[in-house]
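Notes follow the structure.
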Amino acid sequence: MTEHKYSSKKAGLPPGTLIHIGKKSSKEVKISVMDYTDTHFFESDDVAIEETFSLKETPGISWINVDGIHNTDIIQSFGTHFDFHPLLLEDIMNTLHRPKLEEFQDYLFLTLKMLGIDKKGESIIIEQISFILGKNYLISFQEQAGDVFEPIRIRLREAKGNIRNRGADYLFYRLIDAVVDQYFFITDHLSERIDNLEELVLTTQTTAVLHQIQESKKQLILLRKSLSPLREAITLLQKNEAKLIQKNTLRYFNDVYEHIIQVNESIEMYREMTQNLTDLYQSGINNKMNQIMQVLTIIATIFIPLTFIVGIYGMNFDYMPELRWKYGYFFTWGIMVLVVLVMLIYFRRKKWF
Amino acid sequence: MTEHKYSSKKAGLPPGTLIHIGKKSSKEVKISVMDYTDTHFFESDDVAIEETFSLKETPGISWINVDGIHNTDIIQSFGTHFDFHPLLLEDIMNTLHRPKLEEFQDYLFLTLKMLGIDKKGESIIIEQISFILGKNYLISFQEQAGDVFEPIRIRLREAKGNIRNRGADYLFYRLIDAVVDQYFFITDHLSERIDNLEELVLTTQTTAVLHQIQESKKQLILLRKSLSPLREAITLLQKNEAKLIQKNTLRYFNDVYEHIIQVNESIEMYREMTQNLTDLYQSGINNKMNQIMQVLTIIATIFIPLTFIVGIYGMNFDYMPELRWKYGYFFTWGIMVLVVLVMLIYFRRKKWF
Amino acid sequence: MTEHKYSSKKAGLPPGTLIHIGKKSSKEVKISVMDYTDTHFFESDDVAIEETFSLKETPGISWINVDGIHNTDIIQSFGTHFDFHPLLLEDIMNTLHRPKLEEFQDYLFLTLKMLGIDKKGESIIIEQISFILGKNYLISFQEQAGDVFEPIRIRLREAKGNIRNRGADYLFYRLIDAVVDQYFFITDHLSERIDNLEELVLTTQTTAVLHQIQESKKQLILLRKSLSPLREAITLLQKNEAKLIQKNTLRYFNDVYEHIIQVNESIEMYREMTQNLTDLYQSGINNKMNQIMQVLTIIATIFIPLTFIVGIYGMNFDYMPELRWKYGYFFTWGIMVLVVLVMLIYFRRKKWF
Amino acid sequence: MTEHKYSSKKAGLPPGTLIHIGKKSSKEVKISVMDYTDTHFFESDDVAIEETFSLKETPGISWINVDGIHNTDIIQSFGTHFDFHPLLLEDIMNTLHRPKLEEFQDYLFLTLKMLGIDKKGESIIIEQISFILGKNYLISFQEQAGDVFEPIRIRLREAKGNIRNRGADYLFYRLIDAVVDQYFFITDHLSERIDNLEELVLTTQTTAVLHQIQESKKQLILLRKSLSPLREAITLLQKNEAKLIQKNTLRYFNDVYEHIIQVNESIEMYREMTQNLTDLYQSGINNKMNQIMQVLTIIATIFIPLTFIVGIYGMNFDYMPELRWKYGYFFTWGIMVLVVLVMLIYFRRKKWF
Amino acid sequence: MTEHKYSSKKAGLPPGTLIHIGKKSSKEVKISVMDYTDTHFFESDDVAIEETFSLKETPGISWINVDGIHNTDIIQSFGTHFDFHPLLLEDIMNTLHRPKLEEFQDYLFLTLKMLGIDKKGESIIIEQISFILGKNYLISFQEQAGDVFEPIRIRLREAKGNIRNRGADYLFYRLIDAVVDQYFFITDHLSERIDNLEELVLTTQTTAVLHQIQESKKQLILLRKSLSPLREAITLLQKNEAKLIQKNTLRYFNDVYEHIIQVNESIEMYREMTQNLTDLYQSGINNKMNQIMQVLTIIATIFIPLTFIVGIYGMNFDYMPELRWKYGYFFTWGIMVLVVLVMLIYFRRKKWF
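Going down the list, the protein sequences come from chains Z, U, S, G and A. For what it's worth, the numbering used here labels the leading residue of the first sequence as 1, then goes sequentially. For what it's worth, the numbering used here labels the leading residue of the second sequence as 1001, then goes sequentially. For what it's worth, the numbering used here labels the leading residue of the third sequence as 2001, then goes sequentially. For what it's worth, the numbering used here labels the leading residue of the fourth sequence as 3001, then goes sequentially. For what it's worth, the numbering used here labels the leading residue of the fifth sequence as 4001, then goes sequentially.
Here is the structure:
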């Protein structure tokens, strides 16, 4: 999760200069297309960019999905042919951009984050995903090919539900909903992780544990940064009477909005919980220190006086009456046993063991 | 209280897909019905779902109570026959949903949390409860059968008070009021628990105590998450001139609103108090450490010099004049007593004992 | 200050059920009455409730003061005869209710807290006080008889100032002002207490001190909870063009509002200061620990090497040349003195003493 | 800075009762007057209060400056002759009042704080200063005579700039500006003080240093309390189309507003910095403790085993073969040197010295 | 970064008095000019101030850049000839002024901060930069000559892009954009620095590291103070329908606004991260202390009892049977080995090594 880097790459360039900011990718950009009405359905998995330009004019709903945002030429081509604002193209290619919604004359632009968990199940992957919604088309730009939209593709192909009867705005909702639903996997993952850490921190206080807590904190900071602006964006969508969103689709966006709030609330909750974990960790260390000190103190306070006593009778004075007593040695032992007993009673009372 | 889990269960499914998210239940769903006007009263404890459909049209007020929300078919049936929005049905079955109010054309939807304390009196149980208020009917969906609505049932049966003279909106208020009243049991429970913990933490600082503080913190985080959205929901109800709520019932909702604020304020107060408990715990540990260190230091600083002195006269040099003195031994004792006295005076002054 | 308890007493009861929530009282409820115009004045110290009912209709301003809110019958009687809303009666008897203002058709209801300091000068007493302002009457409900309104009574009797020339709303203001003025005694009390604690905490860090800091924190939490809703209530009074408040009285309520803000700001300030006290306490403990460790370390590090040296010459090897030297003993002393000096210089440099 | 005291002095008194709340002063109240138009100028240093009353009616701008607010009679006189609201007079005499702006029919009232540093350069002095702006007069009430307005007096006398051509509102601005400019001396003073403390805290961690940090914190709390309400007051002035402020003077008030924001931001910044200082102090103490523990541990762990070794050969068993060896003594030394070396290597690796 | 100083320099002076507040500079102020339309282009690198006055009237867009703001005469000249408000001139020369936007009759004033990193790459340089936008001219005032605007100059000279076809408002945007783009270098720099510190703090906990953390905190506090008011300023620009900004340029300012939000969010994120670093540092120290205590305790608790045992047989009692036993010495060794083993097993169980 080193998302917060290289954001200065574009500094000094004129507006509208396209530069890819994000993880380098050598894969080829793949464009897939679906064009449908309730009766008609066309799908193509890998089309040349030029083939998509005509779709803007067809009466059916067209969904153009672009996997890969690192190719400046392709993004520029879309911009030119669909007549998109140059700043919008910049935002598509900038994976560090915060989620936002912008309404233009003929289209609506939304960029947000897709979250995933890496294969080892340890760190969270943040991917940029952008949508341009036109009157009868929807273009989606993904950093990498993913399978999160697959269920929607299947429903489109099989004409399940009422998805083929409705407009591009409903498809738009369904895609956003699919992205937001993924967020719950992340909160589940975090929930589990924090529960594990809590159990761990009660028994072991190594720097490794501290490191894990720290890592969770950083992840939560980044997540919040990635998700909380989305709330504003969707609010804008709800409140705004965007021409491109039909009234009966709005209630669905309301549902998405609630999911985003729920995710945000969970993240805040986890942040408090991780903060508590640090407290727990600290308390654990203090407790251990305390215990060590107790042992040291008990041992030292018992034996230091005894060592003094035996030291006395190790002195070589010519005249030391006790040394000559017959039972002096045993008497000394007696005193020492007494000292130990007194000490033990004292410690017991102080509840030191 | 593991409420924050498995929220990703629904990810990827189309909107309106009904799935129960919550604790599994094998009990059968039980539907009870009350239908009344000021003069007429009908009650049935266990009716088939089909029998309820006609109630929508009867002139009397009908209260349909559904115990159990894990049966998709039943929820779907209600949706179909009463013509409820599919997203609303989803919310009823999702026990992780945050409290919310949504107004539809012909009905009002409210989902909130019922709180209880488990039998051992230790942990807090959070249950989902949803209401759909129509013109002359009210449907309530509970996760499990509970007796919190019993007093209201009795009043309905016995026609006590003016409850039978008023509309479904008043019944709606009475049920919400019953749920919210339960919250005060929780705040009383927490108040007592925190008072106990405070007394405990001043005397014992074991990890068990820390664990209990931690547990209280987590409970409060979850409670806040469950209750604070309710405030918004009820505000919406107050501000909104919902057609389904009559004007003279609104003042009652105002009362409910105040209770919710009071509960929220109490929870915030308890959160501060638990935070203070952690500080107290930490101070307790530090204090104890301090005390231990004092004992160690007193013992060590008294005996270390003494041991040195007796060590001197344990040396075997051929020529050590003091060893030959007649009262050397007693003189040495004298010096040692002096050292001890000086030390004790020093410690006394430093207020170490 | 166990104000936060038993709030669940009313749970499950229908709205309008009167129950006293608060400290039990066996005293009899006492009702006193003042009725005046600028020319006429009538006062009675102990009247039966029935005598008050007619006052609603008299042309003069009537102030009915009720000492004691634990008698359900009396409160109910007022409700019935003056035609008050049942929920309002509930709020009067619920000492846990937060301050609030509610406007009804013919009257205005305000409930707030009276603060006092107990006889030992240690803990803060929170009392409920409620006002109902009608067109030409004002009813005040106090938990216990108090002398805070005495100066106002005197002015009424002696017709001092312009109080007898003005309406019930001005009397209403004067009573609220008297209650709010009392708050300054509390802030003065707290200010003094925190100053004392600050001096104390710099010299002694016993658990008793910690307990006092903790107690102050809790008091401040409760105070804030009792006072901050009052701000909203008075704001409502100011903004609202309540029919019952005349325009030239409004500026006076503005003054009361400022006092409440000032008290709230002071409480926030004291909260920060008490938080600082905890830090100071902790630093004090750490400092003391540090000092103890220094003494221990100085003593131990000086004597441990010396004890080793004298231990060497206490060995009984047959062949140990130094033991046979004539000045071996004195030479050893020389070395030991040297060691001590080196140590002392080292500690001095480290600024350990 | 014991500003937060005796605020209960007025409790129980009727509104409009004048009482001086603040530091006692036995100085006589001094009234000075300036009356000017662009062509005419009159100044008198010490006038009787009666002489000022006629100034209300003169066509020129009159600035009446009152040094000393502890004389009830004088304040009351102003109130009576200029027809000021009694609550306003109360506020002038109450040095604990928070800054506020209030608009009346014919005049504008502003009270704020003047800040200064005492002669020793250690503590901050907070003084109350109030202004009443009328159509062609301005009355200023200062706790004590000060020289902060002197430059303005000189400009008035010498007719420098355009100050004599403009109205009372511009003079009002100039006086406020002079007061607010003083605040920057305080922030400079605090800035320097915190920088000094930061240097100090890195080298010495005595309770004296802690006390200084604590003192700075308290000063900042009080400063914030004195200054932040001023922001609201000036905002009110800006937003309100107060009749008494001319449009071209408003831009100047905007400038004052920005200065106040800047001062408030600086204070917030210093608060964060002082909080950091406490952390630094704590870290310093911990570091020192750590260092002490290291020395103790190094000394103890080196010598404790050695002392044990020499102890062995101090035993008096009849049969101890090593004691008879010729080189036993030197061999023992060899072992001890070895032990020390091993220890030192271990500590070195652990980076303990 | 001692930006927060000497802000009181201007106190007591009348409004409009020009004084340079900032780092002293002895360099001469250099004025450069560009005047262009889409067809015409004139550039001069070093012009006298008088030459610029005529540019106000020319039909082309004129960009006047002033390097150096410490010369009162030059700023005053601009003020007189372009008829700028005196307070605006003050703000240009005051490098401590917070970012702000102010709209005047014929021109718009914006002052903000330019950020850079010093040559050693360690500390952040904050420079004041102010813009005055007129109908067909733009004046920029920089503290020092810099090369951040060079790319824009090149584009103007070479007539690249559409910059020469558009108005002064577009040039204004391009300059602000160039300044804001620089901020990303700072966030990248901070990101790297915090990552380095995080790695460092896990291994070494010296005061030098603490000092670096502290330094980062202070930098972030100052950065926030320099940047967060800019957000308001640009919001004002967006919301305001400023006559001088054309509608199609507004969308570009929206883009700048988003960049500023992003920078602010990053700074907040870094603040949280540095706070975490302090926690990590503290934990590191505690851990080390813990480790040291463990070593001390292990060594001490093992050897203290052994030393006691050997002390016993160093006593000189006449009658001590064990001393006479043949294998007494070896038996003693046996006991001591046993003690050590028991201890080691105990420590192992406690997981102390």
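Think of the CB as a built atom: it goes at the ideal place given N, C-alpha and C, for glycine as much as any other residue.
Short Cβ contact (8 angstroms threshold) for Q2128(S) with G2022(S): Yes, these two residues count as a Cβ contact at 8 angstroms.
Cut-off 8 angstroms between Cβ atoms - residues of its own chain near Q2205(S), not counting five sequence neighbours on either side: For Q2205(S), the CB contacts under 8 angstroms within the same chain, skipping 5 residues up- and downstream, are Y2281, G2284, I2285 and K2288 in chain order.
Beta strand (DSSP E) runs contained entirely in the segment 3125-3186 of chain G, provided each spans 3 or more residues: Fully enclosed beta strand (DSSP E) runs of 3 or longer: 3137-3142.
Local Cβ density within 10 Å of G4334(A), reported as buried at 16 or more and exposed below that: It is exposed - the Cβ of G4334(A) has fewer than 16 other Cβ atoms within 10 Å.
Cα-Cα separation between Y1270(U) and R1224(U), rounded to whole angstroms: Cα-Cα distance, rounded: 11 angstroms.
Whole-angstrom distance between V3201(G) and V3209(G), CA atom to CA atom: Near 7 angstroms, if we compare the C-alpha coordinates of V3201(G) and V3209(G).
Proximity to W2063(S) [Cα-Cα], best of G2134(S), G2311(S) and Q2182(S): Selected option, being the one with the closest Cα: G2134(S).
Proximity to E4258(A) [Cα-Cα], best of L88(Z), M34(Z), L13(Z) and Y36(Z): The shortest C-alpha separation from E4258(A) is found at L88(Z).
Contact with chain U by A2242(S), beta-carbon distance below 8 angstroms: Against chain U, the CB of A2242(S) has no partner CB under 8 angstroms away; the residue lies outside that interface.
Under 8 angstroms between C-beta atoms of F2221(S) and L2197(S): Looking at the sequence itself, residue 2221(S) is Ile, so the reference to Phe does not match. With respect to the 8 angstroms criterion, I2221(S) and L2197(S) are not classified as neighbours on the basis of their beta carbons.
Nearest-angstrom Cα separation, counted from T3037(G) out to R3157(G): Each residue's alpha carbon lies about 11 angstroms from the other.
Of the residues G2116(S), L2138(S) and I2260(S), the one placed nearest N2065(S), counting alpha carbons only: It is L2138(S) whose Cα lies nearest to the Cα of N2065(S).
Proximal residues of chain G, C-beta to C-beta of K4217(A) below 7 angstroms: Within chain G, the residues near K4217(A) are N3276.
D1035(U) (DSSP reduced to helix, strand or coil): Strand.
Neighbouring residues, chain S, relative to T1307(U) (Cβ below 8 angstroms): Here the neighbours are F2303 and T2307.
Contacts that K2326(S) makes with chain U (C-beta to C-beta distance below 7 angstroms): Going along chain U in sequence order, the residues near K2326(S) (Cβ under 7 angstroms) are Y1319.
T1111(U): first and last residue of the uninterrupted beta strand (DSSP E) it sits in: First-last of the beta strand (DSSP E) with T1111(U): L1108 to I1117.
Beta-carbon gap between L2179(S) and L2250(S) smaller than 8 angstroms: Sequence inspection shows Val at residue 2179(S); the Leu mentioned does not correspond to that position. No, Cβ-Cβ distance for V2179(S) and L2250(S) is not below 8 angstroms.
Stretch-stretch touch, CB-based, cutoff 8 angstroms, three pairs: the segment 1294-1309 of chain U with the segment 294-301 of chain Z: Output reads yes: the segment 294-301 of chain Z touches the segment 1294-1309 of chain U.
Cutoff 8 angstroms: I4292(A) Cβ touching any chain G Cβ: Interface residue, yes.
Contained beta strand (DSSP E) runs [length at least 3] in the segment 3043-3083 of chain G, N- to C-terminal order: For secondary structure counted as the beta strand (DSSP E) over 3 or more consecutive residues, the segment 3043-3083 of chain G holds these complete runs in sequence order: 3061-3067.
I3221(G) - DSSP class collapsed to helix/strand/coil: It is helical.
Alpha carbon of T3072(G) to alpha carbon of D4091(A), nearest angstrom: If I take the Cα positions, the gap works out to 43 angstroms.
Top-ranked residue by Cα proximity to L1175(U), from H1070(U), E1150(U) and R1348(U): Comparing C-alpha distances from L1175(U) to each of H1070(U), E1150(U) and R1348(U) shows the shortest one belongs to E1150(U).
Interface flag, I1312(U) vs chain S, CB-CB below 8 angstroms: Flagged as an interface residue toward chain S: I1312(U), by a C-beta distance shorter than 8 angstroms.
Range covered by the alpha helix (DSSP H) that runs through K4351(A): Unbroken run through K4351(A): none, as it is neither H nor E.
8 angstroms Cβ cutoff, I2221(S) in contact with chain U: With 8 angstroms as the cut-off, I2221(S) counts as an interface residue toward chain U.
Y1252(U) at chain S interface by Cβ criterion, 8 angstroms: The C-beta of Y1252(U) comes closer than 8 angstroms to at least one C-beta of chain S.
Residue environment, H70(Z), which counts as buried when at least 16 other CB atoms sit within 10 Å: Note on H70(Z): 16 or more other CB atoms within 10 angstroms of its CB, so buried under the neighbour-count rule.
Which listed residue (L341(Z), E272(Z) and R324(Z)) has its alpha carbon closest to that of P305(Z): Of the candidates L341(Z), E272(Z) and R324(Z), the residue whose Cα lies closest to the Cα of P305(Z) is L341(Z).
Within 8 angstroms, strictly: CB atoms of V4263(A) and L4227(A): Yes. Within cutoff.
8 angstroms Cβ cutoff met for S1367(U) and I1031(U): Summary: the structure shown does not reach residue 1367(U), with chain U confined to residues 1001 through 1353, and so no result is reported for it.
Status (buried if at least 16 other CB within 10 Å, exposed otherwise) for V1337(U): V1337(U) is exposed by the Cβ-count criterion.
Chain G contact for Q4142(A) (CB, 8 angstroms cutoff): Taking Cβ atoms only, chain G never reaches closer than 8 angstroms to Q4142(A), which makes this a no.
Residues of its chain near I3234(G), where Cβ-Cβ distance is below 7 angstroms and the 5 sequence neighbours each way are ignored: Only F3253, V3256, Y3257 and I3260 meet the Cβ criterion.
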